[in-house]
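This report refers to the structure that appears directly beneath it.
Protein chains: 2
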Amino acid sequence: MKSSRNASTIRDVARLAGVSVATISRYLNNSAPLSADTAERVQTAMTELDFTPHPAARSLASNKTYAIGLVLNDIGGEFYTPLLRGIESITSAEGYDLLIHSTRNNQPAKTALPKAIKRRPLSENNTDGLLIFINAVDEAELMRLKKINFPVVLIHQSSPKGLDIPMVTIENQSGGQQVVDHFIEEHSCKRIVFVQGPPDNEDSKAREKGYLLSLKNHGLPYDPELVIEGGFESAQAYEAVKGLIKRGLSFDAIFTGDDDNAIGVIQALNESGKRIPDDVAVAGFDDSLFARILTPPLTTVRAPNELVGAEATRQLVNLIRGENTPLRTVLPVEMIIRRSCGCKNPS
Amino acid sequence: MKSSRNASTIRDVARLAGVSVATISRYLNNSAPLSADTAERVQTAMTELDFTPHPAARSLASNKTYAIGLVLNDIGGEFYTPLLRGIESITSAEGYDLLIHSTRNNQPAKTALPKAIKRRPLSENNTDGLLIFINAVDEAELMRLKKINFPVVLIHQSSPKGLDIPMVTIENQSGGQQVVDHFIEEHSCKRIVFVQGPPDNEDSKAREKGYLLSLKNHGLPYDPELVIEGGFESAQAYEAVKGLIKRGLSFDAIFTGDDDNAIGVIQALNESGKRIPDDVAVAGFDDSLFARILTPPLTTVRAPNELVGAEATRQLVNLIRGENTPLRTVLPVEMIIRRSCGCKNPS
DNA sequence: CCGGTTACTGTAACCGGTTACATTAAGAGG
DNA sequence: CCTCTTAATGTAACCGGTTACAGTAACCGG
Numbered sequence: 001m002k003s004s005r006n007a008s009t010i011r012d013v014a015r016l017a018g019v020s021v022a023t024i025s026r027y028l029n030n031s032a033p034l035s036a037d038t039a040e041r042v043q044t045a046m047t048e049l050d051f052t053p054h055p056a057a058r059s060l061a062s063n064k065t066y067a068i069g070l071v072l073n074d075i076g077g078e079f080y081t082p083l084l085r086g087i088e089s090i091t092s093a094e095g096y097d098l099l100i101h102s103t104r105n106n107q108p109a110k111t112a113l114p115k116a117i118k119r120r121p122l123s124e125n126n127t128d129g130l131l132i133f134i135n136a137v138d139e140a141e142l143m144r145l146k147k148i149n150f151p152v153v154l155i156h157q158s159s160p161k162g163l164d165i166p167m168v169t170i171e172n173q174s175g176g177q178q179v180v181d182h183f184i185e186e187h188s189c190k191r192i193v194f195v196q197g198p199p200d201n202e203d204s205k206a207r208e209k210g211y212l213l214s215l216k217n218h219g220l221p222y223d224p225e226l227v228i229e230g231g232f233e234s235a236q237a238y239e240a241v242k243g244l245i246k247r248g249l250s251f252d253a254i255f256t257g258d259d260d261n262a263i264g265v266i267q268a269l270n271e272s273g274k275r276i277p278d279d280v281a282v283a284g285f286d287d288s289l290f291a292r293i294l295t296p297p298l299t300t301v302r303a304p305n306e307l308v309g310a311e312a313t314r315q316l317v318n319l320i321r322g323e324n325t326p327l328r329t330v331l332p333v334e335m336i337i338r339r340s341c342g343c344k345n346p347s
Numbered sequence: 001m002k003s004s005r006n007a008s009t010i011r012d013v014a015r016l017a018g019v020s021v022a023t024i025s026r027y028l029n030n031s032a033p034l035s036a037d038t039a040e041r042v043q044t045a046m047t048e049l050d051f052t053p054h055p056a057a058r059s060l061a062s063n064k065t066y067a068i069g070l071v072l073n074d075i076g077g078e079f080y081t082p083l084l085r086g087i088e089s090i091t092s093a094e095g096y097d098l099l100i101h102s103t104r105n106n107q108p109a110k111t112a113l114p115k116a117i118k119r120r121p122l123s124e125n126n127t128d129g130l131l132i133f134i135n136a137v138d139e140a141e142l143m144r145l146k147k148i149n150f151p152v153v154l155i156h157q158s159s160p161k162g163l164d165i166p167m168v169t170i171e172n173q174s175g176g177q178q179v180v181d182h183f184i185e186e187h188s189c190k191r192i193v194f195v196q197g198p199p200d201n202e203d204s205k206a207r208e209k210g211y212l213l214s215l216k217n218h219g220l221p222y223d224p225e226l227v228i229e230g231g232f233e234s235a236q237a238y239e240a241v242k243g244l245i246k247r248g249l250s251f252d253a254i255f256t257g258d259d260d261n262a263i264g265v266i267q268a269l270n271e272s273g274k275r276i277p278d279d280v281a282v283a284g285f286d287d288s289l290f291a292r293i294l295t296p297p298l299t300t301v302r303a304p305n306e307l308v309g310a311e312a313t314r315q316l317v318n319l320i321r322g323e324n325t326p327l328r329t330v331l332p333v334e335m336i337i338r339r340s341c342g343c344k345n346p347s
C-alpha cells in the first residue's frame with residue numbers, strides 16, 4: 001500500500017545536533033553564516049540520520065518548486081530525443097526536476113481531482129519555469145504567463161508580437177540559403193524545387209526564405225510552380241514530386257524542407273527514372289539518422305538539436321534566477337555534404 | 001523576478017461559499033458526502049475565484065506527490081520516443097505528472113542544496129512510483145525501494161532474484177525464433193549467423209535464445225563461430241561481419257540483434273560482393289524508422305514500444321493504488337517481412 | 001417517545017520545511 | 001567602561017492543503 005514515508009525530518013536533525021530547526025534550514029540553504037563548529041555538528045547529524053529535505057515541504061514554504069516543465073504538442077520526431085537530452089542534462093546539472101507534458105491528447109485530461117476543476121497540467125503551480133515547444137500552447141496562455149511574469153522560453157517558435165518572450169531556434173534561413181547556394185555555385189543548378197513543410201511551420205518558412213534569397217542573390221528567377229507542399233511527410237512529398245513530373249515541369253535540383261520529405265522525393269524520382277544526382281540534385285534538412293544510409297547518401301543541414309535544448313534550458317534557469325537573457329537566440333547549423341547533391345568526394 | 005503566486009486558497013473559497021475549509025477539501029477529493037446545496041455553492045465559489053489547489057500543499061498534507069518518475073540510463077535511441085509517448089499518454093490521462101531523469105551523467109549532479117547532501121533526483125520523495133528502464137539504477141537501490149515497498153515497474157529488465165518487482169518487456173525470444181524459423185522454413189537457410197547486442201543486454205540474450213531454439217527445433221547444428229558481437233552498433237557489426245568473411249566462414253543468412261546492427265552488416269556484405277538476399281538473407285529486430293528505406297528494405301521484427309510504455313505505466317498506477325499487477329508482462333511482437341530475407345512480394 | 005444510526009459539517013492539529021523577528025554574545029570605537 | 005555593530009542562533013508564525021475528532025440534525029425501528 002502507501003509507502004509510509006518515515007524518513008527523518010529537519011526537527012530530528014535539529015534535536016540530534018542540539019540546535020534549532022532554523023539553523024538546519026540555514027545550513028541547507030546557505031542563507032546565513034554558521035559557526036564552523038555548528039556546521040560540522042549539523043552535517044554529522046544529517047549524515048547520521050540520512051536526512052533528505054522533503055521537496056513538498058520545501059516547495060510549500062519557499063514558493064519554489066525546483067522543477068522545470070517542458071510542454072510540447074506531441075512527442076515524436078527524431079529531433080525530439082536529442083532535444084530532450086539537452087534539456088535533461090541541464091535541468092539535472094542545475095538541480096531541477098524535469099516535468100514533461102504533451103498537449104496532443106485533447107482528451108479532457110482527467111485530473112487527480114474528481115470534479116471538473118480546471119487544472120493546467122504544467123503551470124506556475126508545479127514548476128518554476130516552462131520550456132514551450134513550437135505550437136504547444138496557445139497565445140492566450142502565453143499572454144497569461146507573461147502577465148504574471150512567469151519564466152518561459154520558447155523553442156523553435158517566435159514570441160507573439162509584443163510579448164517579448166525569449167526564444168531559441170536554429171539558423172533555418174541561413175541553412176536553406178547555404179543549400180541553394182551550393183546547388184547553384186557548385187553544381188550549376190538553375191531550376192531548383194523547394195518542398196515546404198506544414199503551412200504554419202516557422203522552420204519551414206525560414207528555410208524557404210533562405211531559398212528565395214539565394215535565388216535572388218544569384219539572379220535566378222523565382223518560379224512559384226517550383227515550390228510544392230511536402231508537410232514534412234515522405235508520403236506527401238512523394239505525391240508532390242510525382243505531380244510536378246506529371247505536369248511536365250523541368251527542374252535540376254530539389255531542396256526538401258526536411259529529411260523526411262527527402263525520402264518521398266527520392267522514391268518519386270527513382271520511380272520516374274530520374275537519376276540522383278545526375279539528373280536531379282537533392283538535399284534535405286536536419287541530418288536525420290537515416291540521412292547517411294539513404295541511396296545515395298543525403299546531403300543535408302545538421303541541426304544542433306541537443307544544443308537547442310541545453311541552451312533553452314540554460315536561459316530558462318537564468319530567467320528563474322532573475323537574470324536577463326537575450327530575446328532571440330539562433331544557433332548555427334552545419335551543412336553536411338554527401339552524394340545526393342552531386343559532390344564526388346564528400347568528407 | 002519571482003512570480004509571486006497570489007492565487008486564491010482553499011480558505012478564500014471556504015469564506016466565499018460560507019463553509020469550512022474541510023468541506024472544500026471534501027468536495028475536491030470526494031472524501032465525504034456533501035449536500036447538493038453545499039456542493040453547488042462550493043463549485044460556484046471555486047469557479048468565481050478560479051481556484052486551483054496548490055500541489056505542494058496537497059502533497060505535503062496527503063503524503064502523495066501525484067507524480068510518476070521515469071529513470072533511464074541515457075536518453076537516446078529510436079525506441080525511446082514511442083516509449084515515452086506511451087508513458088506520457090497514460091500518466092497524463094490518469095492525472096499524474098511525469099518526471100524524467102537520466103542517470104547517464106555521472107557528474108556529481110549539483111543539487112539545489114549547496115552542501116553535499118545526498119539527494120536521489122527521483123525517489124519516494126518526489127514521486128508516487130517509479131518506472132525504471134533497463135540498467136538505469138543499480139540493484140542496491142532496487143532493494144532499497146523494495147524494502148520500503150515503494151511502487152516500481154521495470155521496463156525491459158527482469159527483476160533481480162527474490163525482489164519480485166513487476167516488469168514489462170517484449171517477446172524477444174519468440175521474435176528471434178520467428179525470424180530464424182522463417183529463414184529456415186521459407187528460404188532453406190542452413191548456416192545462420194546471429195549478431196549479438198551488448199554482452200549484458202537482456203533483450204539480446206533472449207533473442208539469441210530464440211535463435212538457438214529454432215536451430216534445435218529444426219535439427220540444425222549450433223556453430224559458436226556463427227555468433228558474433230555487434231553491440232547494437234552498426235560500426236561494430238560491420239567489423240564483425242568483415243572478420244567472419246576474412247576467416248572464410250560460410251553462411252547463408254544473418255539475423256542481426258537489432259536494426260542498427262543491420263546497417264553495418266549490409267554494408268559489410270555489399271563491400272564483400274555478397275548479394276542480399278541472393279547470397280545472404282538478412283533480418284533485423286526493432287523495425288526502426290530506417291528499416292524500410294534500407295537497400296534492400298529490411299525484414300525485421302516490430303517492437304511495440306509505445307505499448308510497452310503505456311502498459312508499464314498502467315501497471316505502475318495500479319500499484320500506486322494498492323492493486324496487484326502481474327510480475328511479468330511480455331508484449332507480442334510482429335514480424336515484418338520485407339525484401340532483405342528473400343521474400344518476393346512482401347505486403 | 002427513545003436510543004442508535006446516518007448524513008453532513010466545523011474545529012483545529014498536522015504535514016515539514018522557511019523566515020521575520022527577537023535575542024545573546026563578541027568585537028569595535030572612543 | 002559604555003554604546004554600537006555584527007555574527008550566530010532560537011522562537012514561532014506561516015505556506016495551503018488534509019483529516020481525526022467532535023458535534024448537530026434528521027431519520028429509523030420498536
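These protein sequence lines are chains P and D, in that order. Here the working numbering is used: the first sequence runs in plain steps of one and ends on residue 347. Here the working numbering is used: the second sequence runs in plain steps of one and ends on residue 347. Using N, Cα and C, we set each Cβ at its ideal position, and we do this for glycine too.
query = Can you find a C-beta in chain P that's less than 8 angstroms from the C-beta of D/P55?
reply = yes
query = Between the C-alpha atoms of D/A310 and P/I90, what's the straight-line distance to the nearest angstrom?
reply = 27 angstroms
task = Give the residues from the region 295-325 of chain D that approach chain P closer than 7 angstroms (Cβ to any Cβ), ordered along the chain.
result = T295 and G322
task = Select from D/D181, D/L16 and D/A57 the residue whose C-alpha is nearest the C-alpha of D/T44.
result = D/L16
query = To the nearest angstrom, how far is it from the Cα of D/Q173 to the Cα of D/I276?
reply = 25 angstroms
inquiry  = If the criterion is Cβ atoms closer than 8 angstroms, does the pair D/L154 and D/M143 meet it?
reply    = no
Host beta strand (DSSP E) of D/F194 (start-end) = I192 to Q196
key: Rounded straight-line distance, which links the Cα of P/N73 to that of P/Y80   = 12 angstroms
query = Once you ignore the five residues that flank D/A67 on each side, which residues in its own chain have a CB closer than 8 angstroms to its CB?
reply = Y96, D97, L98, L99, N126, T127 and D128
ask   = Quick one, which residues of the region 158-170 of chain D are near chain P if we go by CB-CB under 8 angstroms, in chain order?
value = none
query = So what's P/K2 in DSSP terms, helix, strand or just coil?
reply = Only weak support is given to the placement of P/K2: the predicted model assigns it a pLDDT of 37, under 50, and the question is left unresolved by the model.
message = Only counting the same chain, and skipping five residues up and downstream in sequence, which positions put a Cβ closer than 6 angstroms to that of D/L213?
response = Q177
key: Beta-bridge partners of D/T299, as assigned by DSSP   = D/A283
query = Any beta-carbon of chain D closer than 8 angstroms to the one on P/G76?
reply = yes
ask   = Do P/C341 and P/F183 have their C-beta atoms closer together than 8 angstroms?
value = yes
query = Where do the ends of the alpha helix (DSSP H) carrying P/F290 lie?
reply = Per DSSP, P/F290 belongs to no alpha helix (DSSP H) and is neither H nor E.
query = Where do the ends of the beta strand (DSSP E) carrying D/E334 lie?
reply = E334 to I336
task = Kindly say whether D/D97, judged by its beta-carbon, lies nearer than 8 angstroms to any beta-carbon of chain P.
result = yes
ask   = Using the C-alpha atoms, what's the distance from P/R314 back to D/I266?
value = 41 angstroms
query = Hey, P/D287 and P/A303 are a contact pair by Cβ (cut 8 angstroms); roughly how many whole angstroms apart?
reply = 7 angstroms
Residue(s) in a DSSP beta bridge with P/E229 = P/Q196
query = Are there 16 or more other CB atoms within 10 angstroms of the CB of P/P326, so buried, or fewer, so exposed?
reply = exposed
request  = Could you have a look at D/L113 and say whether DSSP puts it in helix, strand or coil?
outcome  = Confidence is the limiting factor: at D/L113 the pLDDT is only 49, short of 50, which leaves the residue's position unreliable and the question unanswerable from this model.
ask   = At which residues does the alpha helix (DSSP H) containing D/T47 begin and terminate?
value = A36 to L49
task = Use the C-beta contact count for D/N217: other C-beta atoms within 10 angstroms, 16 or more gives buried, fewer gives exposed.
result = exposed
request  = Would you mind reading off the limits of the beta strand (DSSP E) that contains D/D97?
outcome  = D97 to S102
query = Going along chain P in order, which residues have a C-beta closer than 8 angstroms to the C-beta of D/S102?
reply = R85, E88, S89 and S92
ask   = Closer than 8 angstroms, CB to CB, is P/S204 near chain D or not?
value = no
ask   = How close, in whole Å, do the beta carbons of P/L122 and P/H101 come, if the pair is a contact with beta carbons under 8 angstroms?
value = 5 angstroms
ask   = Considering only C-alpha positions, which residue in the set P/N29, P/G219, P/P53 and P/Y27 is nearest to P/T9?
value = P/P53
Minimum Cβ-Cβ distance from D/D287 to chain P less than 8 angstroms = no
key: Cutoff 8 angstroms: P/N125 Cβ touching any chain D Cβ   = yes
message = I'd like to confirm the pairing. Which residues does DSSP put opposite P/M167 in its beta bridges?
response = P/L154 and P/R328
key: Buried or exposed (CB count within 10 angstroms, at least 16 for buried), D/T256   = buried
task = Mind listing the chain D neighbours of P/I263? Cutoff is C-beta to C-beta under 8 angstroms, in chain order.
result = I293
task = Express the C-alpha separation of P/A57 and D/N63 in angstroms, rounding to a whole number.
result = 10 angstroms
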